[in-house]
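S.K.:
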Amino acid sequence: MEYNEASAYIQAQFEAKNKSTNKEIYCHMTCATDTTNIQFVFDAVTDVIIANNLRGCGLY
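For what it's worth, full-length UniProt numbering labels the leading residue of the sequence shown as 1, then goes sequentially.
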């Protein structure tokens with residue numbers, strides 16, 4: 001199986017598990033040894049967590 005095929009399959013599996021319309025799944029393919037790319041992923045996750053917490057408090 002090619003990388004793109006495998007990546008699309010894995011992404012579809014995660015998206016199929018999401019039964020809540022108000023929860024988003026953000027998919028970003030990366031290589032764990034690419035520290036710049038990993039930092040991007042961690043920053044994106046942090047942004048989502050903070051935004052969800054602010055939204056939950058009525059501040060966003």
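Backbone N, C-alpha and C define an ideal beta-carbon position, used for all residues, glycine too.
#1: Determine, using beta carbons only, whether T30 and V48 come nearer to each other than 8 Å.
#2: In angstroms with no decimal places, state the Cα-to-Cα distance between T35 and K19.
#3: If you check the beta carbons only, do H28 and A44 fall under 8 Å apart?
#4: Using the C-alpha atoms, what's the distance from Y26 back to E2?
M.R.: Reading it off the structure:
#1: Cβ distance not < 8 Å, so T30 and V48 don't count as in contact.
#2: Distance between the alpha carbons of T35 and K19 is about 32 Å.
#3: Yes, Cβ-Cβ distance for H28 and A44 is below 8 Å.
#4: Take the alpha-carbon of E2 and the one of Y26: they are about 22 Å apart.
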